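Peer 1: Once you've had a glance at the structure underneath, I'll fire off some questions.
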Amino acid sequence: MSEVTFDWKSGIEEACLKLKGKERIGIQVPEGLKTKSHEIVTLVAKLTGAKVVLWGEPTYGACDLADRPLEEIGADALIHMGHLPMPYHSEFYAIPTFFVPVRHTGTLSLSKKAITELKEILPNKIGIVTTAQHLHMIDLAGNILDKEGFDTSVT
25 MSEVTFDWKS GIEEACLKLK GKERIGIQVP EGLKTKSHEI VTLVAKLTGA
75 KVVLWGEPTY GACDLADRPL EEIGADALIH MGHLPMPYHS EFYAIPTFFV
125 PVRHTGTLSL SKKAITELKE ILPNKIGIVT TAQHLHMIDL AGNILDKEGF
175 DTSVT
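Numbering of the sequence shown is given in the working numbering, commencing with residue 25 and proceeding in unit increments.
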């Protein structure tokens with residue numbers, strides 16, 4: 025089985041350009057990136073010169089930010105990785121919060137067996153949803169399924 029890979033570095037570098045002058049930056053990562061947390065913390069510290077605090081509790085999306093508890097321990101910014109911001113909530117953040125996208129860098133593969141099984145259990149007309157990490161692949165998934173006879177809707 026091949027390793028699942030994600031691109032997160034370009035987003036970190038972009039966020040860090042906006043964090044110059046911050047003294048203590050909190051970082052919140054989803055479970056799938058915890059194994060990269062040391063590398064992430066080290067890179068943010070190097071790029072910003074700030075002290076970096078890793079928030080270790082699980083996060084389940086942009087509705088589950090650690091901005092308030094990090095503010096309580098003196099953080100003056102938060103980098104939240106792997107989720108998209110929730111519209112109209114930015115005015116409620118306790119500290120400046122930067123959402124860093126994380127993209128799955130693998131390929132989309134739907135085997136003939138999987139498509140056959142989908143045809144057996146799904147109606148012809150289907151909606152397609154995904155998580156932030158796979159958002160860039162959603163149109164491709166729709167095109168593949170359309171070619172297999174499904175009537176897909178991607179919104």
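Glycine is no exception: its CB is placed at the ideal position from the N, C-alpha and C atoms. Bear in mind that the values here come from a model prediction, so they are computed numbers and not experimental data.
Jot down the residue ranges of each uninterrupted alpha helix (DSSP H) in the stretch 82-120, minimum 4 residues, whole runs only, in chain order.
Peer 2: Runs found: 91-96.
Peer 1: Could you check whether I49 and A101 sit closer than 8 Å to each other, using their CB atoms as the reference points?
Peer 2: If you number the sequence shown from 1, residue 101 lands on position 77. If you number the sequence shown from 1, residue 49 lands on position 25. Contact flag set, yes.
Peer 1: Alpha carbons only, please: which of I103, G166 and E55 is nearest the one belonging to L41?
Peer 2: Along the sequence shown, one-based indexing puts residue 41 at 17. Among I103, G166 and E55, the Cα nearest to that of L41 belongs to I103.
Peer 1: Quick check on the DSSP output: the alpha helix (DSSP H) that includes G166 runs from which residue to which?
Peer 2: Your numbering for residue 166 matches position 142 in the sequence shown. Run containing G166: I162 to K171, per the alpha helix (DSSP H) assignment.
Peer 1: Determine the burial state of K46: buried for a count of at least 16 other Cβ atoms within 10 Å of its Cβ, exposed for fewer.
Peer 2: For this step, residue 46 is matched to residue 22 along the sequence shown. Classification for K46: buried.
Peer 1: Use the C-beta contact count for D91: other C-beta atoms within 10 angstroms, 16 or more gives buried, fewer gives exposed.
Peer 2: Along the sequence shown, one-based indexing puts residue 91 at 67. The residue in question, D91, is buried, as its Cβ has 16 or more Cβ neighbours within 10 Å.
Peer 1: Which residue comes first and which comes last in the beta strand (DSSP E) that contains T176?
Peer 2: Here residue 176 corresponds to residue number 152 of the sequence shown, with the count starting at 1. Counting along the chain, the beta strand (DSSP E) containing T176 begins and ends at D175 to V178.
Peer 1: Quick check: the stretch 50-59 against the stretch 104-117, are at least 3 beta-carbon pairs closer than 8 Å?
Peer 2: The stretch 104-117 vs the stretch 50-59: in contact.
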